[in-house]
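Everything below concerns the one structure shown next.
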Amino acid sequence: MSFIDSIYDKAKQNKQRIAISECTNELMMRVAVRAAAAGIADIVFVGNPIEIEKTSQRCKIDLSAVTIVNVGDETYKERLAERYDELPNKVMGKKFVARRIGDPLYMAMVMESVGDADCIFAGLDTTTYEFILAASSIIGRAAGVITPAALLIMEIEGFEGGQGNCFGMSDGAICLEPTSEELACISILSCDTFSALMGRSARCALLSSSTCGSGSGPSVDRISAAVKLANAQRPDLMIDGEFQADAAINARVAAKKVKRPSEVSGRADVLIFPDAAACNIGTKLIQQYANSRSYGPIYLGFRQAFIDCSRGDTEDRIFDNIALCSVMAANRRGRENGVE
Amino acid sequence: MNIEKTVIRCAADAYSVDESTITLDTDIRSQLSKQSLLLVAFISSIEEELNVTIDLGEAAALKTIRDFVDKIGQPAE
Chain A
10 MSFIDSIYDK AKQNKQRIAI SECTNELMMR VAVRAAAAGI ADIVFVGNPI EIEKTSQRCK
70 IDLSAVTIVN VGDETYKERL AERYDELPNK VMGKKFVARR IGDPLYMAMV MESVGDADCI
130 FAGLDTTTYE FILAASSIIG RAAGVITPAA LLIMEIEGFE GGQGNCFGMS DGAICLEPTS
190 EELACISILS CDTFSALMGR SARCALLSSS TCGSGSGPSV DRISAAVKLA NAQRPDLMID
250 GEFQADAAIN ARVAAKKVKR PSEVSGRADV LIFPDAAACN IGTKLIQQYA NSRSYGPIYL
310 GFRQAFIDCS RGDTEDRIFD NIALCSVMAA NRRGRENGVE
Chain B
47 MNIEKTVIRC AADAYSVDES TITLDTDIRS QLSKQSLLLV AFISSIEEEL NVTIDLGEAA
107 ALKTIRDFVD KIGQPAE
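In order, the protein sequences belong to chains A and B.
Heads up: the first sequence at position 197 corresponds to 206 in the numbering used here, and the numbers run straight through without jumps.
Heads up: the second sequence at position 1 corresponds to 47 in the numbering used here, and the numbers run straight through without jumps.
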């Protein structure tokens, strides 16, 4: 079964409520309704009902499968803000929230924070930076996280690595030039999320231009230090490096280059790049050169799950990401309820 | 209320630095912090002190303390 087919199955078995703030965007509306009809999520549109209806009429989209929450419902917004203010882990105060809760994106995030939605999905009309600022101010970071990060899942047709053809790659979008501490944090977040999605322990390689000291320089030192930090913080995870990319994923190369025991070399399925440029370049090269499908980016390190889709995404990719968003939310609720 | 001094005080509080180290030309991300949560705390503080609302999306384009002062609407001296 392919990765995405397993995600569809999981999403259908445990449907989550996904709040959509960009519901007057025709593409988002069309895909969200398709997702609801396919049974992969319960879709909640957060917006102006009149504008939503106008879009649905213009685009001939049937909204009977979705729920609409009115962003102009003052009574509900007031109650939402009160419930948010009562949360022990709220981020910002009442006035800050009250000023912004009329914005569908913020309202959706408050809904998620208080439990009226399980996850949010946006990105077609919202920049990554706006999304991160909103998430930072309403949802907040998980305990102990020093930087959020973005994880891309890539399924590469015809490639058989030590753990199959699915990889997690991070961080191509958020932490642009990570320190050793930030790289360690990104590695740990990526491992935990990837493992939960794949149902197996991740083998995480920190990539470099060097393998086990074959090269030198500040970048190599930074990555080597990150490996040590990550191992010290989470000895239960399989995180190793620094490895060149071929030593990370190719067992034959790893056997030649890595002259010490490693649970990761030659069979890594989570790849942590030295910086955002390298990750962005690497993942886009794979998309161009190889027959691959990519999912995400998944934003890591916040208290609740969300995926920021790209303004260039196709309908199919958005559909896949809605399913992924739903499964991540279900995984998080499972952890909260003590379910493995 | 002096907008400039208030914004500087808010920045000092949010970024946990001494007010004397902040000027109108202080670049927030490169000289104070690039952490988004601290930026949000800074903005929230300004809003509380000056009873204004700053759009977070627009705040992304503001680089210096002077930019924030100008955004709030009173010219810096």
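Ideal Cβ placement from N, Cα and C applies to all residues, glycine included.
Validate contact between the region 50-62 of chain A and the region 72-86 of chain A using beta carbons, cut 8 Å, 3 pairs
yes
Paired residues, beta bridge with THR76 (chain A) - DSSP
A:VAL53
Measuring alpha carbon to alpha carbon, tell me which of A:ARG302, A:SER122, A:GLY275 and A:GLN253 ends up nearest SER223 (chain A).
Nearest neighbour of SER223 (chain A) by Cα position, chosen from A:ARG302, A:SER122, A:GLY275 and A:GLN253, turns out to be A:GLN253.
GLU93 (chain B): contacting residues in chain A (beta-carbon distance under 8 Å)
LYS104, PHE105 and ARG108
Unbroken stretches of the beta strand (DSSP E), 3 residues or longer, contained in the region 204-269 of chain A:
Look at the region 204-269 of chain A and you find these whole runs of beta strand (DSSP E), each 3 residues long or longer: 212-216 and 247-252.
Just the C-alpha distance for ARG220 (chain A) and LEU280 (chain A), rounded to the nearest angstrom, thanks.
What sits at residue 220 (chain A) in the sequence shown is Thr, not Arg. Straight-line Cα distance between these residues: approximately 14 Å.
Using a Cβ-Cβ distance under 9 Å, would GLU123 (chain B) count as near chain A?
Any reading at GLU123 (chain B) is ruled out, since the residue's pLDDT is 42, under 50, leaving its predicted position unreliable.
I'd like to check one pair, ALA117 (chain A) with ALA131 (chain A): are the Cβ atoms closer than 9 Å?
yes
Hey, could you find the ends of the alpha helix (DSSP H) ARG112 (chain B) is sitting in?
Per DSSP, ARG112 (chain B) belongs to the alpha helix (DSSP H) from 111-118.
Could you check whether the Cβ of GLU31 (chain A) sits closer than 9 Å to any Cβ belonging to chain B?
no
Measuring alpha carbon to alpha carbon, tell me which of B:LEU70, B:GLN77 and B:ARG112 ends up nearest VAL63 (chain B).
B:GLN77
Would ALA159 (chain A) and GLY321 (chain A) be called neighbours here (beta carbons separated by less than 9 Å)?
no
Leaving out the 5 sequence neighbours to the left and right, which residues in its chain are closer than 7 Å to ILE17 (chain B) when beta-carbon positions are compared?
A query on residue 17 (chain B) cannot be resolved here, the shown segment of chain B reaching from 47 to 123 and no further.
What are the complete beta strand (DSSP E) segments, minimum 3 residues, inside the region 114-202 of chain A?
128-131, 158-165 and 175-179
Does any C-beta atom of chain B lie closer than 9 Å to the C-beta of ARG150 (chain A)?
For ARG150 (chain A), the answer is yes, since a Cβ of chain B falls inside 9 Å of its Cβ.
Ignore the nearest five residues each way along the sequence and tell me which others in VAL336 (chain A)'s own chain have a CB closer than 6 Å to its CB.
Around VAL336 (chain A), the same chain offers ILE16, LYS19 and ALA20 as residues with beta carbons nearer than 6 Å, after the five sequence neighbours per side are excluded.
Give a yes or no on whether the C-beta atoms belonging to ARG39 (chain A) and GLU324 (chain A) are separated by under 9 Å.
yes
Helix, strand or coil for ALA28 (chain A) per DSSP?
Three-state DSSP puts ALA28 (chain A) in a strand.
If you follow the beta strand (DSSP E) that ILE307 (chain A) is in, where does it begin and where does it stop?
Start and end: 301-309.
Report whether the distance from the Cβ of ALA106 (chain B) to the nearest heavy atom of the ligand NAD is below 8 Å.
Within the structure as shown, the ligand NAD is missing, as the structure has no ligands at all.
Would you call the region 248-264 of chain A in contact with the region 209-217 of chain A, where contact means no fewer than 3 C-beta pairs closer than 8 Å?
yes
Relative to chain B, which residues along the region 318-346 of chain A have a C-beta separation below 9 Å, given in chain order?
none
Could you check the C-alpha separation between LEU96 (chain B) and ASP180 (chain A) for me, to the nearest Å?
37 Å
Output needed for GLU123 (chain B): all residues of its chain with C-beta closer than 7 Å, excluding positions within five of it in sequence on either side, in chain order.
At GLU123 (chain B), the pLDDT of 42 sits below 50, so the modelled position is not reliable; the number obtained from the coordinates is stated separately. Closer than 7 Å at the Cβ level, and outside the excluded window around GLU123 (chain B), lie GLU50.
Between PHE282 (chain A) and the rest of its own chain, which residues show a CB-CB distance below 8 Å, the 5 nearest in sequence each way excluded?
MET178, SER179, ASP180, GLY181, LEU216, CYS288 and GLY291
Residue from A:GLU272, A:LEU246 and A:ASP317 with nearest C-alpha to ILE258 (chain A)
A:GLU272
What are the residues in the region 113-133 of chain A lying within 7 Å of chain B by C-beta distance?
none
Beta-carbon contacts of LEU133 (chain A) that lie in its chain and below 7 Å, excluding the five residues immediately before and after
GLU31, ASN34, LEU36, MET37, CYS318 and ARG320
Go through its chain and collect everything with a Cβ distance to VAL348 (chain A)'s Cβ below 6 Å, but skip five positions before and after it.
Any reading at VAL348 (chain A) needs caution, since the residue's pLDDT is 45, under 50, leaving its predicted position unreliable; the model's value is listed next. Counting only Cβ-Cβ distances below 6 Å, and skipping sequence neighbours, we find nothing.
For ASN57 (chain A), collect the residues of the same chain with a Cβ closer than 7 Å to its Cβ; drop the 5 residues on either side in sequence, then sort them by chain order.
Within its own chain, the residues whose Cβ lies closer than 7 Å to the Cβ of ASN57 (chain A), once the five positions on either side in sequence are excluded, are VAL80 and GLY81, listed in chain order.
For a contact defined as C-beta to C-beta under 8 Å, what are the partners of ALA60 (chain B) on chain A?
Within 8 Å Cβ-Cβ: nothing; ALA60 (chain B) doesn't reach chain A, min ~12 Å.
Using a beta-carbon distance below 9 Å, is ALA285 (chain A) in contact with chain B?
Taking Cβ atoms only, chain B never reaches closer than 9 Å to ALA285 (chain A), which makes this a no.
From the DSSP output, which residues share a beta bridge with PHE315 (chain A)?
A:ILE129 and A:TYR308
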